[in-house]
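Participant:
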Amino acid sequence: MLFRSTKVALLLNWYPEAEHGGFYAAQVHGIFEKYGLDVEIQAGGKTTVVPQSLSLGRVEFGVANADDVLIARYQGIPLVALMAPIQQGPRCIMVRADSGIKSFEELRNLTLQIDSGRPYVPFLKSKGLLDDSVKIAPYFGSVAQLVAGPGYAAQGYTFSEPFLAKQQGVEVNELMMSQIGYNPYASLLITSAPYMQANSEVCRRMVAACVEGWQKYLQDPAATNERILSLNKQGMTKEALDYGVEALKPLCITNNDASQVGAMTPERWQELAKTLAALRIIELDKFDFNASYRVDLLPKPSAAQ
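In case it helps, the numbering used here puts the sequence shown at residues 2 to 306.
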């Protein structure tokens, strides 16, 4: 099918990394072009605010995690999630292997470098997993303090920071947030409700292209990683990207079924909404959280092969 070419912009939530690989694969391998899309991928960074950029119409699409979408929606920013490349949440707490800590229950008498404004912090506290012996310190995106000596733990993504620590000679244990019940979709393709309502067919094509892009990246990442390396000026290495893809695969592909890449279910969204409500971060009776996602734009598995 021939499509009229449509120019759109996609804003990332961080510097180009493996977590964005499928979007770049769609660009590198001509998949966007196949669907009549001329996509400008804009790199994010420490000061990037995706929800506001979408609501102001500066870009048509963005990347965010599911908890960010629900919180923004609750705050009156009409975001809509369209597809979910990373099914299992990659968020972890890294502890040095030589600390002997192997579970959240053992997090005691240390300094935890973490973004205290993120929902997973009150979640940990609600589970009784961060007592007064754990000092909360800011996390600045570096594993330097964790590597420098004992007594520190840090947040991270399982496909990224643990490898950086290992490169510097420190083995870490990864305590996965998903294993204790905090498991939002990650690296979602999102848009704004007004844009989607006015451009539903463009959104459908964008979703289909991104699904194919992620399938391609997980199968054959080499060319895409070359593009990411050329764009990331933050010290990214080929080895880190290669590690990232392999660590991403089990988070993106469930039951060895690549046709399901990008899938979302209302049940997962409802579970996350209830978790955030229990933490008093959102109030379910104050907004329609079911409007925060669309599953009907996803291609059928047979069409995504």
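Positions of the beta carbon are idealized from the N, C-alpha and C atoms, including for glycine.
To which residues of the same chain is Val203 closer than 8 Å at the C-beta, ignoring the five residues directly before and after it?
Facilitator: Position 202 of the sequence shown, counted from the start, is the residue given in the question as residue 203. The residues are Thr7, Val9, Leu38 and Glu61.
Participant: Nearest-angstrom Cα distance between Ala278 and Ala264?
Facilitator: Here residue 278 corresponds to residue number 277 of the sequence shown, with the count starting at 1. Here residue 264 corresponds to residue number 263 of the sequence shown, with the count starting at 1. Cα-Cα distance, rounded: 24 Å.
Participant: To which residues of the same chain is Leu242 closer than 7 Å at the C-beta, ignoring the five residues directly before and after it?
Facilitator: For the purposes of this step, residue 242 is identified with residue 241 of the sequence shown, where counting begins at 1. For Leu242, where only same-chain residues beyond five positions count, the Cβ hits under 7 Å are Ala19, Asn226, Ile229 and Leu230.
Participant: Quick check on Ser6: does DSSP put it in helix, strand or coil?
Facilitator: As a first step, residue 6 must be located in the sequence shown, where it is residue number 5. Ser6: coil per DSSP, three-state reduction.
Participant: Give the C-beta separation of Gly214 and Phe24 to the nearest angstrom, bearing in mind that I take them to be a contact with Cβ-Cβ under 8 Å.
Facilitator: Position 213 of the sequence shown, counted from the start, is the residue given in the question as residue 214. Position 23 of the sequence shown, counted from the start, is the residue given in the question as residue 24. Sure, about 6 Å apart at Cβ, within 8 Å.
Participant: Please go through the same chain and pick out, in chain order, the residues whose beta-carbon is closer than 7 Å to the beta-carbon of Gln306, but skip the five residues on each side of it.
Facilitator: The count along the sequence shown starts at 1 and reaches residue 306 at position 305. Any reading at Gln306 must be qualified, since the residue scores a pLDDT of 39, below 50, and its modelled position is unreliable; the value itself is stated next. The answer, listed in chain order, is Ser260.
Participant: With H, G and I counted as helix, E and B as strand and the rest as coil, what does DSSP make of Met237?
Facilitator: Counting from 1 along the sequence shown, the entry for residue 237 is found at position 236. Of the three classes helix, strand and coil, the one that applies to Met237 here is coil, per DSSP.
Participant: Under 7 Å between the Cβ atoms of Leu13 and Val50?
Facilitator: By one-based count along the sequence shown, residue 13 stands at place 12. By one-based count along the sequence shown, residue 50 stands at place 49. Cβ atoms of Leu13 and Val50: not closer than 7 Å.
Participant: Look at the Cβ atom of Asn233, then the Cβ atom of Pro17, and state whether they are nearer than 7 Å.
Facilitator: Position 232 of the sequence shown, counted from the start, is the residue given in the question as residue 233. Position 16 of the sequence shown, counted from the start, is the residue given in the question as residue 17. A contact, by the Cβ cut-off of 7 Å.
Participant: Can you have a look at Ser193 and say buried or exposed, based on whether 16 or more other CB atoms are within 10 angstroms of its CB?
Facilitator: As a working mapping, residue 193 is identified with position 192 in the sequence shown. Label assigned to Ser193: buried.
Participant: According to DSSP, which residues form a beta bridge with Asn174?
Facilitator: Here residue 174 corresponds to residue number 173 of the sequence shown, with the count starting at 1. Its beta-bridge partners are Val96.
Participant: Compute the Euclidean distance between the alpha carbons of Asp286 and Arg205, then round it to the nearest angstrom.
Facilitator: For the purposes of this step, residue 286 is taken as residue 285 along the sequence shown, with counting starting at 1. For the purposes of this step, residue 205 is taken as residue 204 along the sequence shown, with counting starting at 1. So the two alpha carbons sit approximately 30 Å from each other.
Participant: With a threshold of 8 Å, are at least 3 pairs of Cβ atoms found where one atom belongs to the region 108–125 and the other to the region 153–160?
Facilitator: Yes, the region 108–125 touches the region 153–160.
Participant: Can you tell me whether Lys310 is helix, strand or coil according to DSSP?
Facilitator: Because the chain is modelled from 2 through 306, residue 310 falls outside the range shown and cannot be assessed.
Participant: Check each candidate in Gln53, Leu57 and Ala73 and name the one with the smallest Cα separation from Ala274.
Facilitator: On the sequence shown, position 273 is the one that residue 274 refers to. Here the closest residue by C-alpha is Ala73.
Participant: Using only the alpha-carbon positions, how far apart do Gly77 and Ser293 sit?
Facilitator: The count along the sequence shown starts at 1 and reaches residue 77 at position 76. The count along the sequence shown starts at 1 and reaches residue 293 at position 292. Distance between the alpha carbons of Gly77 and Ser293: 11 Å.
Participant: For Leu55, which of helix, strand or coil comes out of DSSP?
Facilitator: Within the sequence shown, numbered from 1, the residue matching residue 55 stands at position 54. Leu55: helix per DSSP, three-state reduction.
Participant: In the structure shown, what three-state DSSP assignment does Tyr244 receive?
Facilitator: Residue mapping note: residue 244 aligns to position 243 of the sequence shown, counting from 1. Three-state DSSP puts Tyr244 in a helix.
Participant: Is Val203 helix, strand or coil when you go by DSSP?
Facilitator: By one-based count along the sequence shown, residue 203 stands at place 202. Reduced to three states, the DSSP call for Val203 is helix.
Participant: What residue from Gly90, Pro79 and Gly45 has the CA that sits closest to Ala248's CA?
Facilitator: Reading the sequence shown from its first residue, position 247 is the one you call residue 248. Nearest option by C-alpha distance: Gly90.
Participant: Leaving out five residues on either side along the sequence, give the residues of the same chain with a beta carbon under 8 Å from the beta carbon of Lys47.
Facilitator: Numbered from 1 along the sequence shown, position 46 holds the residue referred to as residue 47. Within the same chain, Lys47 has close Cβ partners Gly142.
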